Amino acid sequence: MGHLLAIDTSSGTSVAVLKDGVPLAEIEIADTRSHTESIGDAINDALKQAGVAPSRIQAVAVGRGPAPFTGLRVGIAAAIMFAEGVGAKLFGIVSLDAIAKQELAARGAVPGGDQAAQPLLVTSDARRSEHYWALYSGLDRHGVPVCIEGPAVNRPADIETMLAEREIEASRASVVISARAIGELFEAQAAAGVLSDDVTALYLRNPDAVEPKNLRDFGKRVSG
Amino acid sequence: MTDWIIRPTVEADLSAIMAIEHECFPEDAWSEDNMRFELLAHHTEYFVAVRDEQVIGYAGLSKVPSSDQGDVQTIAVLPAARGEGLGRALMDALITAAKRLHAGEIFLEVRADNPVAQALYLALGFDHIDTRKNYYQPAGIDAWIMRLTLPQRSIGREPVVLGIESTCDETGVGIVRGTTLLANVISSSMDEHARFGGVVPEIAARAHLEALKPTLDKALAEANLSLNDIDAIAVANGPGLGGAVMVGVAAAKALSVATGKPVYAVNHLVGHVGVDILERGQVETPTVALLVSGGHTSLLLVRDLLDDVELLGETIDDAAGEAFDKVARVLGLKYPGGPEIDRAAAGGNPNAIRFPRGLTQAKDMEKHRYDFSFSGLKTAVARWVEVAETKAAAGEGAEINIADVAASFREAVADVLVSKAVKACVEHNVPRLLLGGGVVANARLRELATERCAAAGIELRIPALSLCTDNGAMIAALGAQLVMVGRQPSSLSFGADSTLPVTTVQTL
């Protein structure tokens, strides 16, 4: 594979340029409220630091969340347009999967190893007292994490209840996602032949909007 | 003094044109379908000569945006009207149109046995550059190929600018070359908001993300260009719905980094004013602009499009379009309310019910001279309907006449909008008014504005509806102006500003 641009805006703004799975440059902006302001410079700076011209990017991989919507969309919109702008291929990665790969590897999980080892619960903040989460059994032989439950969004207590009811003892990971992890999972998925071009955002929640039962009644409330 | 005029063709001219077509070209007349296609096509410009409301001649030019070549498609004048200079006037109209569309040269074919026409074209500056044997069938007459080279004043130097608009529920991508519209593609999420009775910001933002790539692809195809042909990118960074604006801004920045082309962050509302460039080549200033949509109701004084835009007033509560949506719900009509109320109001009496005109009393003139308020009007309509329904249920009154309520409400909105806009023109000694925003689709608003502007001696500009609603072309047009006067591009670090003031035409 050639050069990869990896983007994730699930938490802060994270951009990395990788070649064959090796990061050449990484830009991390922790602020979770400045994605729009940061994304252009972050991509530009990552390319400059890596010494890679935009036209040499052959693939773009973007984190699809699940994550708070407003920021998540910034990264996906940028990835779509960057790929369009340079004619690169575009791929979507479930952000929690990328965290799982990184954490399983850090905990000594071996690709294709014993799946009976302790499963890993990956969570991230979903605001409103809820967590996004997914449960992983281990890494397949290409190093791709095997998701056995999720991604979903629930209150932490409900996630615990679910695990307890099913008698699952999971280790826990709740770390901030990095574009580098997106890039590393991209390489593993490429090797396994399981890349996905689906870049739709994983919202997991419906928009906050109340559909009036009766449009007529709803309208009349303006006088009340 | 001539007693005929030259004007752009409208579809209603088709039958008159076909009659002339058959009279002038008995052997090889075009079919009516072909002629209709020619008249309506985006890449053609047709003109008719009219005397006493009768079409007596016509001519057409073809100019594809991606090419700098114009072609005279046809020209015909009724035999009885020849020798009066109509042919020359029609040719002048085509040449003017070709220049406006930035053609570098114009080609035509003329029968070798028509010395009168050849003399006219030679006099206009066309050269005889080639002859095609047996071109005109079945008679087998040769054709002269003639070419007029136009001054290269602007060719190659007018920037091609791509504009991205995502401030509300329309994803728009437009492409212009200088002041010429090349593409204007809009993807609307309106239908998804219908069951909620109004725009839901999160639904709009989600729809933008989905629509970005297809809308861009369509716009490039429409302009017959690739991203390599784009010189700059413009994006509306506000005012509007924050989450929605962010999608467009992120897209524009990434496209800028990917292509190495500069990005210009421009004001959405000033874009509504700048769109007039695409129809007239410039925005004549000073002008007052009345911008009315589901999200905005603003009255601007524009002394200079890029440097001097002042907000005279705006709504202090609901936007006019919002009032239409809400009143539509009260009347049991669908979303969006504007067209529904327009339909319901047909045949209704606009003076049946005197609904209040917000902020028009003497006491409002000091603080809210040019501001609007539609919240009270909406409440008044709801109250009126409630009271009338209660009476009807008790057998004390007649059934509600929806047409009268809709017409009276619409009259109140149009009246206050136009009154304040005309007042602003008069009080600032500005001789022209420009309308913009989706509510311009409202028939009564246009009608009233036309009447009152005419009465006050104010020139009224209403751009085509496709340019009045939110669109990317207006953003591209404003961006192109910034490029052409040599403004610096924006940095990559500007944000989305949901309350961007109109005084900030470009965010650096």
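Residue numbers (the UniProt record's numbering), protein chains in the order written: chain G, 1 to 224; chain P, 1 to 508. We put the beta carbon where it would ideally sit given N, CA and C, even for glycine. All values reported here derive from a predicted model rather than from experimental measurement.
If contacts are defined as beta-carbon pairs under 8 Å, then D317/P and S373/P qualify, I think. What distance do you get, rounded to the angstrom?
5 Å
With a threshold of 9 Å between beta-carbons, can I145/P be considered close to chain G, or not?
Cβ-Cβ to chain G under 9 Å: no for I145/P.
From the DSSP output, in three-state form, read off D276/P for me.
coil
Give every residue of the same chain whose Cβ lies closer than 8 Å to the Cβ of L78/P, excluding the five residues on either side of it in the sequence, and list them in chain order.
I20, E23, C24, I56 and G57
DSSP bridge partner residues for residue 527/P (one or two, in chain order)
This structure leaves residue 527/P out entirely; chain P is present only between 1 and 508.
Which word fits N44/G, buried or exposed, when buried means at least 16 other C-beta atoms lie within 10 angstroms of its C-beta?
buried
Helix, strand or coil at I29/G according to DSSP, with G and I counted as helix:
strand
Quick one: is L216/P near chain G, going by C-beta distance under 9 Å?
Judged by the 9 Å Cβ criterion, L216/P is in contact with chain G.
Where DSSP assigns a beta bridge to P23/G, which residues make up the other side?
According to DSSP, residue pairing for P23/G in a beta bridge involves L18/G.
Distance, A205/P Cα to S187/P Cα:
In this model, S187/P and A205/P are separated by some 12 Å (Cα to Cα).
Shorter than 9 Å from the beta carbon of G248/P to some beta carbon of chain G?
Taking Cβ atoms only, chain G reaches closer than 9 Å to G248/P, which makes this a yes.
Would you say R206/P lies against chain G (beta-carbon separation less than 9 Å)?
It does: the Cβ of R206/P has a partner Cβ on chain G nearer than 9 Å.
Exposed or buried, K378/P, counting other C-beta atoms within 10 Å across all chains shown (16 or more means buried)?
buried
Looking at C-alpha atoms only, which residue of T180/P, D231/P and G240/P is the closest neighbour of E202/P?
G240/P
Mapping DSSP to helix, strand and coil, what is A16/P?
helix
Determine the direct distance from the alpha carbon of Q506/P to that of T123/G, and round the result to whole angstroms.
41 Å
Local Cβ density within 10 Å of K133/P, reported as buried at 16 or more and exposed below that
The residue is exposed, with fewer than 16 neighbouring Cβ atoms inside 10 Å.
Between Y132/G, A109/G and S171/G, which has its C-alpha nearest P156/G's C-alpha?
In terms of Cα proximity to P156/G, the closest of Y132/G, A109/G and S171/G is Y132/G.
Inside the region 41-118 of chain G only - alpha helix (DSSP H) runs reaching at least 4 residues:
69-86 and 95-106
Is it a yes or a no for the region 86-100 of chain G touching the region 170-183 of chain G, going by three-plus beta-carbon pairs under 8 Å?
yes
Might you give, ordered along the chain, the residues of its own chain that have their beta carbon closer than 6 Å to the beta carbon of L108/P, omitting 5 neighbours on each side?
V72 and M146
Expressed to the nearest angstrom, what Euclidean distance is found between the alpha-carbon atoms of H296/P and R410/P?
17 Å
Under 9 Å, Cβ to Cβ, is there at least one residue of chain G near K99/P?
no
Less than 8 Å between the CB atoms is what I'm expecting for V381/P and V413/P, so what's the real figure, rounded?
So it is not a contact: roughly 10 Å between Cβ atoms.
So T259/P contacts chain G; which residues on that side make the cut at Cβ distance below 7 Å?
G85
Could you check whether I93/G and I182/G sit closer than 9 Å to each other, using their CB atoms as the reference points?
yes
When Cβ atoms are compared, which residues of the region 21-38 of chain G fall closer than 8 Å to chain P?
S34, H35, T36, E37 and S38
Compare the C-beta of F374/P against all C-beta atoms of chain G and say whether one is closer than 9 Å.
no
With DSSP as the reference, label T2/P as helix, strand or coil.
In this structure, T2/P counts as coil in the three-state DSSP scheme.
Along the beta strand (DSSP E) that carries M146/P, what are the first and last residues, could you check?
I141 to T149
Please classify S466/P as buried or exposed, where buried requires at least 16 other C-beta atoms within 10 Å of its C-beta.
Answer is exposed; the Cβ neighbour count stays below 16.
Which chain P residues sit within Cβ distance under 8 Å of T70/G?
Neighbours of T70/G on chain P, chain order: A205, G242, G243 and M246.
Excluding sequence positions up to five away, which residues of its chain have a Cβ less than 8 Å from the Cβ of P159/P?
Same-chain partners within the cutoff: R177, G178, D231, A232, A480, V483 and M484.
Name the residue from R56/G, E187/G and V62/G whose alpha carbon lies nearest to the alpha carbon of I76/G.
V62/G
Compute the beta-carbon to beta-carbon distance between V288/P and V385/P, rounded to the nearest angstrom, for a pair I have assumed lies under 8 Å.
About 34 Å; that fails the 8 Å criterion.
Quick one: what's G436/P bridged to in DSSP?
L291/P
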